[in-house]
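A short worksheet on the structure shown next.
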Amino acid sequence: MFPTERPRRLRRTPALRRLVGETSLEPRHLVLPMFVADGLDEPREISSMPGVVQHTLDSLRRAAAEAVDAGVGGLMLFGVPRDEDKDPSGASGIAPDGILNRGLRALSSELGDTTVLMADTCLDEFTDHGHCGVLDSNGAVDNDATLARYAEMALAQADAGAHLLGPSGMMDGQVGVIRAALDAAGHTDVGQLAYSAKYASAFYGPFREAVGSSLQGDRRTYQQNPANRRESLHEVDLDLAEGADMVMVKPAMSYLDVLREVADRSTVPVAAYQISGEYAMITAAAANGWIDRDAAVLESLTSIRRAGADIVLTYWATEAAGWLRR
Ligand code: PBG
164 MFPTERPRRL RRTPALRRLV GETSLEPRHL VLPMFVADGL DEPREISSMP
214 GVVQHTLDSL RRAAAEAVDA GVGGLMLFGV PRDEDKDPSG ASGIAPDGIL
264 NRGLRALSSE LGDTTVLMAD TCLDEFTDHG HCGVLDSNGA VDNDATLARY
314 AEMALAQADA GAHLLGPSGM MDGQVGVIRA ALDAAGHTDV GQLAYSAKYA
364 SAFYGPFREA VGSSLQGDRR TYQQNPANRR ESLHEVDLDL AEGADMVMVK
414 PAMSYLDVLR EVADRSTVPV AAYQISGEYA MITAAAANGW IDRDAAVLES
464 LTSIRRAGAD IVLTYWATEA AGWLRR
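Read in order, the letters of the sequence shown are residues 164 to 489 in my numbering.
Written out as structure tokens, the structure reads:
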């Protein structure tokens, strides 16, 4: 008799498939990235990310409350300053009354400890050249001068109520410098979700519109080469040694192999960021009637979990959490 092994037996009914499912996806696994913009009267659509907006402080509060009601695990906030507030050093990203810190304060007073409030700790939205750090006299991103700015930015975000900071600039030593600054200021309980393995990806395209980026050129002197795998393990080791409380791989879907290896190696929770281009691709294909949107979203999120992510940052967090609760 052939075949003697019949894996299809366990796929026969929905109940059987449910019983033997290896990977779960729950609302608490999802983190919603959000954009708050300065000088808006009403939320502004991001054309390359249909369904995602730049928020006003008011709409930010409402959307955050809705996400928390839907059961998401946390929120990750990005600030979008007015063009005239950008400068070479990204000062408006650090100022306590800059839009990102105002947004954090608004969310912190609205939500307290009922969710996990995270902040992007990076200067690119706030610099007039669009790079993640300050430049030296040759126009190159100056690693160590940038670290000093990140330390200030971290303190401002901790003061504004962030539970976790997300250093995303890929400067060497950023996690250690931020940890030391937080500890010295008494913020020993504020943690870091370190963007440890972050690649120089074409899939960040729509994010540039989302934050009104001024970037000319690319980030290849600080973000990683998509060709490299081993380098990510090195980056994770360094961030863990410097005190990262969680590590992240970004983007997600083109880097599931890296995510798996990081997950196997990490002694702290691992996150993956399903980025703007991943959102845009699925949204565009679905809008053309080429794929089933909701099924594709859930499959993508499940795949990222299967590859080893404890936590998934996704622009679908609120919506997917709603589906999962039903
Ligand atoms: C840097 C940052 C970026 C993203 C998150 N943090 C942009 C970049 O590195 O170029 C991209 C997120 C996305 O594409 O959804 N502050």
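Each residue gets a CB set at the ideal place from its N, CA and C atoms; glycine is no exception.
Proximity of residue i and residue j at Cβ, strictly below 7 Å
i      : j      : result
Asp473 : Pro432 : yes
Thr284 : Pro330 : yes
Leu396 : Gly471 : no
Ala434 : Met409 : yes
Ala407 : Ala357 : yes
Val338 : Glu405 : yes
Asp402 : Ser359 : yes
Glu372 : Ile262 : no
Asp335 : Asn306 : yes
Thr465 : Thr176 : no
Met212 : Ser439 : yes
Leu203 : Gly266 : no
Ala308 : Val340 : no
Boundaries (first-last residue) of the alpha helix (DSSP H) holding residue i
i      : result
Pro369 : Gly368 to Ala373
Val231 : Leu220 to Ala233
Ser463 : Arg456 to Arg469
Gly406 : Premise fails: Gly406 is in no alpha helix (DSSP H) and is neither H nor E.
Gly440 : Ser439 to Ala450
Gly256 : Ala254 to Ile257
Delimiting residues of the beta strand (DSSP E) encompassing residue i
i      : result
Leu280 : Val279 to Thr284
Val433 : Val433 to Tyr436
Val338 : From DSSP, Val338 is part of no beta strand (DSSP E) but of the alpha helix (DSSP H) over Gln337 to Ala347.
Ser272 : Per DSSP, Ser272 belongs to no beta strand (DSSP E); it is in the alpha helix (DSSP H), Ile262 to Leu274.
Of the residues the options, the one placed nearest residue i, counting alpha carbons only
i      : options                           : result
Gly354 : Phe366, Tyr367, Leu328 and Gly375 : Leu328
Arg456 : Val475, Trp479, Asp232 and Arg469 : Trp479
Arg174 : Gly184, Thr309 and Ser439         : Gly184
Leu487 : Tyr313, Glu189, Gln217 and Arg171 : Glu189
Asp246 : Leu240, Gly275, His292 and Asp221 : His292
Arg392 : Gln379, Leu419 and Leu378         : Leu419
Any C-beta of chain C under 7 Å from that of residue i
i      : result
Val199 : In the structure shown, chain C does not exist; there is a single protein chain.
- Message: Assess contact between the region 188-207 and the region 222-237, defined as three or more Cβ pairs (one per stretch) separated by less than 8 Å. Is contact present?
- Response: yes
- Would you check if the region 375-386 and the region 313-320 touch, i.e. whether three or more CB-CB distances between them fall below 8 Å? no
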